[in-house]
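K.L.:
So the sequence lines, in the order shown, correspond to chains A and B. End of the first sequence = 1260 in our numbering, gap-free, step of one. End of the second sequence = 375 in our numbering, gap-free, step of one. Each residue gets a CB set at the ideal place from its N, CA and C atoms; glycine is no exception. I'd like to ask you about the structure that follows.
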Amino acid sequence: MKDFFSTYWLYIRVFFRGRVEYRLSFILGLLSNFYCYFITFATYWVLISGIGNVAGWNFSELSVLYGLSLLTYAIAGTLIWYTGYHMGDLVQSGKLDVFLMRPIGVLRQLIFQRFGDTFIGQIIVTIVFLVTAFSKLSNHLNGCKIIYLILSIIGGVLIQVASMIIVGSLSFFIVKSTEIGDIFYYDMRDMTQYPIEIFPKVIQYILTFVCPWAFINYYPSLLLLDKVSSRYEFILGIIAPLIGVIMLLLSLLIFNYGLKKYSGVGN
Amino acid sequence: MSIIKLDHVNRKFKIAVNDKNFVRYVLNRKYQTKEAVKDVSFSIDEGELVGFIGPNGAGKSTTIKMMCGILVPSSGDITVLGRTPYKNRKKNSKEIGVVFGQKSQLWWDLPPIDTFSLFKKIYKIDDAVYERNLNYYGELLEINEFMNQPVRQLSLGQRMRADLCAALLHDPKILFLDEPTIGLDVLVKKQIRDMIKEINCKRKITVVLTTHDMKDIEEICSRIIMINNGQVMLDKPLEEVKSSFSGDSEIRLITQQKIDSLKIDRVKDIQINNCEIKILFVAKDISAAEIITSVVQKAEIINIEIKEPEIDDIIRNLYSIKGN
């Protein structure tokens, strides 16, 4: 683990040295990302202030809900979006061979290879909105809630990382998999930027048990904002961080299976 | 002692069969199995310098990838340094160096030295070993002058040299080179050949290389393995290949007097054009000296020109004979 971080740190330093070779592109990349998510939040705010609230959630509460989704997405993005979610490019071009020639794990190298610097802008915007939202809320964070918040952010990041790995790993079987990711990951996950109770029951079940995106932000928000209305919701909220670990393990299984197929085991 | 051993290795690929019917191609695709490598067996001893040759798509790269542990054989056994490469991929990769001529390992936007420092970290190379190798290969490959220049600004030859250095920093016991001289100018080619010879000789690194440039083979390899259609067609020391499969040699003679007819046994063809005689022969059938002796008996010779067969010709003959 210590080795992982020191190697990652070296890679990040080297990466930034290379990135600033193109100074303008680097700065504009950060700014555009910052700007883009600022607009997203502003639009969200305009929309919500027009309606007043959604299913009893006011703007600050909705900011927490949306913010948790975006923050975990952005953190996961810095880790593995460029190489993991887009693994198809590496499979297609055969560049994955290069990773297989080195004495460390392939997934590790995917994380090392490309630090998702463009997500930094998004992380900053989201943290600003999250902090603002929490400070405006009447139900303040206490010690327990802060620990839970941290755990659920970690869990959310794991779910997002796992999803990116799973989508990427599908390219071992179908070569290009980002379309599947667009449908099942991005489009469906976007539903969770609103409280899922506004959707029909079947969609709520899908977002909980099939594509568990509701564990990224919805169930944690229920606990954090004292909106839990049943024991069922409470349990789902408590196990949310655990779902992250399970998803990660699942994604590793799929990745390793796919990698074996790439190398041609049982072909 | 053999450090690489392939025992009846097969490798199959599944490829989609192209279908003109678009709907059927999308919904119900047919697959075909292609055998990229068929029943390949050979063993390579420590310190050997082996050239893999064969036409494009013959299965050379597939074989190299299996030895590196990137691909798993469909059947058969591979042992590299006493291990099965794909089962011990990480351990294996610490003891081998690999350069794919067409896939650079270097970080595009950064100077080679940065990639080297990352390699130092992931291969866990000792400071002393790293320093020593960096100096040694930096000098041998003359990369010190562009060590701090971003890779994207380097010429192909410079990049290849830096790639070779990167693959050697961790003191591999075996070096696999897939088309290391592709697209390079004669000077760089020579430099790389000299360097391969030197590390093979001085550092006892076993080298396995694929190439389409027969000069590579002729100048540095001690053994040729020819692969065609996924099968080993030939596996012999270079000298033996040259003598046993030699192509046609040619003698051109200019004589003082005109010769009307000339008959020499064991030659392939004689063309006479006034005072100029062109004789095609195969070196193992008859020697040039014997031919000249025969001619001298008929007329006085003014000029002699002998053309030995090029290894390119030999190989071309081999490809076309064995290819069918």
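1. Cα-Cα, which of B:Lys145, B:Met118, B:Gly127 is closest to tyrosine 137 of chain B?
2. So is glutamate 1014 of chain A in contact with chain B if we call contact Cβ pairs under 9 angstroms?
3. Confirm, please, whether the CB-CB distance from aspartate 90 of chain B to valine 60 of chain B is below 9 angstroms.
4. What first and last residue would you give for the alpha helix (DSSP H) that runs through threonine 232 of chain B?
5. Closer than 9 angstroms, CB to CB, is leucine 387 of chain B near chain A or not?
6. Name the residues in the segment 192-219 of chain B whose C-beta lies less than 8 angstroms from a C-beta of chain A; which are they?
7. Suppose the cutoff is 6 angstroms on Cβ atoms and the five residues either side in sequence are ignored; what does the same chain contact list for leucine 219 of chain B look like?
8. Please report the straight-line C-alpha distance between leucine 1004 of chain A and lysine 241 of chain B, rounded to a whole angstrom.
9. I need the straight-line Cα distance from valine 131 of chain B to glycine 1136 of chain A, nearest angstrom please.
10. From the beta carbon of isoleucine 1073 of chain A, is the nearest beta carbon of chain B less than 9 angstroms away?
11. Going along the chain, which residues of the segment 994-1018 of chain A sit with their C-beta nearer than 7 angstroms to a C-beta in chain B?
12. Based on the DSSP secondary-structure assignment, which residues constitute the bridge partners of serine 155 of chain B?
13. In chain B, what lies closer than 8 angstroms to valine 1090 of chain A by C-beta?
14. Check for me: the alpha helix (DSSP H) holding phenylalanine 1177 of chain A runs from which residue to which?
15. Can you name the residues that DSSP bridges to phenylalanine 93 of chain B?
16. Which of the three DSSP states is assigned to valine 68 of chain B in this structure?
17. Is asparagine 375 of chain B close to chain A? Criterion is C-beta to C-beta, closer than 9 angstroms.
18. What does DSSP give as the partner residues of valine 123 of chain B in its beta bridges?
19. Does the Cβ-Cβ distance between arginine 380 of chain B and glycine 1098 of chain A come in under 9 angstroms?
20. Closer than 9 angstroms, CB to CB, is leucine 1100 of chain A near chain B or not?
21. Where does the unbroken alpha helix (DSSP H) through phenylalanine 170 of chain B begin, and where does it stop?
22. So aspartate 128 of chain B contacts chain A; which residues on that side make the cut at Cβ distance below 7 angstroms?
23. So, proline 1205 of chain A versus leucine 1061 of chain A, is the Cβ gap smaller than 9 angstroms?
24. Mark glycine 1174 of chain A as exposed unless 16 or more other C-beta atoms lie within 10 angstroms of its C-beta, in which case mark it buried.
25. Going straight from the alpha carbon of valine 283 of chain B to that of isoleucine 337 of chain B, what length do you get?
26. Using DSSP's beta-bridge definition, name the partner residues of asparagine 279 of chain B.
27. Kindly identify the DSSP beta-bridge partner or partners of glutamine 83 of chain B.
28. Which of helix, strand or coil does DSSP assign to leucine 192 of chain B?
29. On the three-state DSSP scale, how would you describe asparagine 1260 of chain A?
30. Just reading off the alpha helix (DSSP H) that valine 333 of chain B is part of, what are its end residues?
P.N.:
The relevant details are as follows:
1. Per the Cα distances, B:Met118.
2. Closer than 9 angstroms to some Cβ of chain B, the Cβ of glutamate 1014 of chain A qualifies, so yes.
3. Cβ atoms of valine 60 of chain B and aspartate 90 of chain B: closer than 9 angstroms.
4. No alpha helix (DSSP H) holds threonine 232 of chain B; DSSP gives it neither H nor E.
5. Because chain B in this structure spans residues 52 to 375, residue 387 of chain B falls outside the shown range and cannot be described.
6. Look at the segment 192-219 of chain B: the residues with a C-beta under 8 angstroms from a C-beta of chain A are Pro201.
7. Contacts found: Gly148, Tyr188.
8. Sequence inspection shows tyrosine at residue 1004 of chain A; the leucine mentioned does not correspond to that position. Rounded to whole angstroms, tyrosine 1004 of chain A and lysine 241 of chain B show a C-alpha spacing of 34 angstroms.
9. Taking C-alpha positions only, valine 131 of chain B is separated from glycine 1136 of chain A by approximately 57 angstroms.
10. With 9 angstroms as the cut-off, isoleucine 1073 of chain A does not count as an interface residue toward chain B.
11. Residues are counted here when their Cβ sits less than 7 angstroms from a Cβ of chain B; for the segment 994-1018 of chain A these are Thr1000, Leu1003, Tyr1004, Val1007, Arg1010, Gly1011, Glu1014, given in chain order.
12. DSSP, once it has assigned bridges, lists no residue as partnering serine 155 of chain B.
13. Note on identity: in this sequence residue 1090 of chain A is aspartate, with valine being the wrong assignment. Neighbours of aspartate 1090 of chain A on chain B, chain order: Lys116, Ile121, Phe151, Lys154.
14. Taken as a continuous stretch (DSSP letters only), phenylalanine 1177 of chain A belongs to no alpha helix (DSSP H), as it is neither H nor E.
15. Note: phenylalanine 93 of chain B sits in a beta bridge opposite B:Leu57.
16. Residue state, collapsed to three classes: coil.
17. In this predicted model, asparagine 375 of chain B has a pLDDT of only 46, less than 50, meaning its place in the structure is not dependable; the value taken from the coordinates is given anyway. Closer than 9 angstroms: no.
18. Beta-bridge pairing links valine 123 of chain B to no other residue.
19. Here chain B covers residues 52 to 375 and nothing more, so residue 380 of chain B does not appear.
20. Output row for leucine 1100 of chain A: interface = no.
21. From DSSP, the alpha helix (DSSP H) with phenylalanine 170 of chain B extends over 163-173.
22. Simply none; closest approach about 15 angstroms.
23. No, Cβ-Cβ distance for proline 1205 of chain A and leucine 1061 of chain A is not below 9 angstroms.
24. Buried: at least 16 other Cβ atoms inside 10 Å.
25. About 30 angstroms.
26. According to the DSSP secondary-structure assignment, asparagine 279 of chain B is paired through a beta bridge with B:Gln282.
27. Looking at the DSSP assignment, glutamine 83 of chain B forms a beta bridge with B:Ile66.
28. DSSP places leucine 192 of chain B in coil when its eight states are reduced to three.
29. Any reading at asparagine 1260 of chain A must be qualified, since the residue scores a pLDDT of 38, below 50, and its modelled position is unreliable; the value itself is stated next. In this structure, asparagine 1260 of chain A counts as coil in the three-state DSSP scheme.
30. Residue range 327-333 is occupied by the beta strand (DSSP E) that includes valine 333 of chain B, with no alpha helix (DSSP H) assigned at that position.
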